[in-house]
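One structure is given below, encoded as structure tokens.
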Amino acid sequence: MVDLVLKWKPALSGQCDVKGSSPLHLASSDGDRSIVSAIVRAAPPSTAFLKDSDGLSAIHVAARMGHHHVVEELISAWPDAAELRDGRGRTFLHAAAEKGHAPVISLAVKNPMLCGIVNAQDKDGNTALHLAVAAAASKGLAALLSAGDNVRVNIMNNDGYTPFDLAANSSSFLSMVSKQKKFAIYNSS
3 MVDLVLKWKP ALSGQCDVKG SSPLHLASSD GDRSIVSAIV RAAPPSTAFL
53 KDSDGLSAIH VAARMGHHHV VEELISAWPD AAELRDGRGR TFLHAAAEKG
103 HAPVISLAVK NPMLCGIVNA QDKDGNTALH LAVAAAASKG LAALLSAGDN
153 VRVNIMNNDG YTPFDLAANS SSFLSMVSKQ KKFAIYNSS
């Protein structure tokens, strides 16, 4: 049905609602890859760069929701979308790390073309690793650390903290022990 509607009126793919969300934003949120694919086939590349009122592009929305197949589809269609920043200066990897979505993180860290965003810092100086630690997202943390030497654990954010510092200052004892164990294992390899 989406294919038929977009063949009839392709301009609908770039229409936005009152919150600035395009059909691609909505489909990315739902995670239906077939609908995303239909929109991608009909839409101009500029559609990937549309941002909603929260400053999020469709790839950010998909990453926040953990829809790795949608993220993969968007990167495949529009590789430059991987480097998009939201209103806080965050990439889709930051969005996935903050929510602990390991499959999206793994997609990013395993793709050599995306190595440039692994250590990218947002406006607060946080990398995806900082956000995964702060969110106590152990699966996300493990996925990031699986990048090996490509992920830098010693980057300081604007407050002067490395991801390890954040782990050490964690208010949850069990969470802190778990994170420090993962860092210790990573640093010993």
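In this note's numbering, the protein residues as written are 3 to 191. Even glycine gets a Cβ: it sits at the ideal position worked out from N, Cα and C.
Query, Result
"What's the C-alpha gap between residue 116 and residue 50?", "17 Å"
"Can you tell me whether residue 154 is buried or exposed, with buried defined as 16 or more other CB within 10 angstroms of its CB?", "exposed"
"In chain order, what residues of the same chain have a beta carbon less than 6 Å from the beta carbon of residue 71, not counting five sequence neighbours either side?", "35"
"Assuming residue 146 contacts residue 84 under a Cβ cut-off of 8 Å, what Cβ separation, rounded to an integer in Å, is found between them?", "So it is not a contact: roughly 16 Å between Cβ atoms."
"Out of curiosity, what's the CA-to-CA distance linking residue 94 and residue 171?", "26 Å"
"What does a CB cutoff of less than 6 Å around residue 62 pick up in its chain, not counting 5 residues either side in sequence?", "88, 94, 97"
"Given a cut-off of 8 Å on the beta-carbon distance, is the pair residue 60 and residue 26 in contact?", "yes"
"Does chain D have any CB closer than 8 Å to the CB of residue 95?", "As a matter of chain content, chain D is missing from the structure shown, which is built from one protein chain."
"Does DSSP put residue 164 in a helix, a strand or coil?", "coil"
"Alpha carbon to alpha carbon, how far is residue 132 from residue 164? Give it in angstroms, no decimals.", "7 Å"
"Figure out for me which residue from 56, 111, 103 has the closest Cα to the Cα of residue 91.", "56"
"With a threshold of 7 Å on Cβ separation, who are the neighbours of residue 126 within its own chain once the five nearest residues in sequence on each side are excluded?", "159, 160"
"Kindly indicate which residue of 21, 101, 167 has the alpha-carbon position closest to the one of residue 65.", "101"
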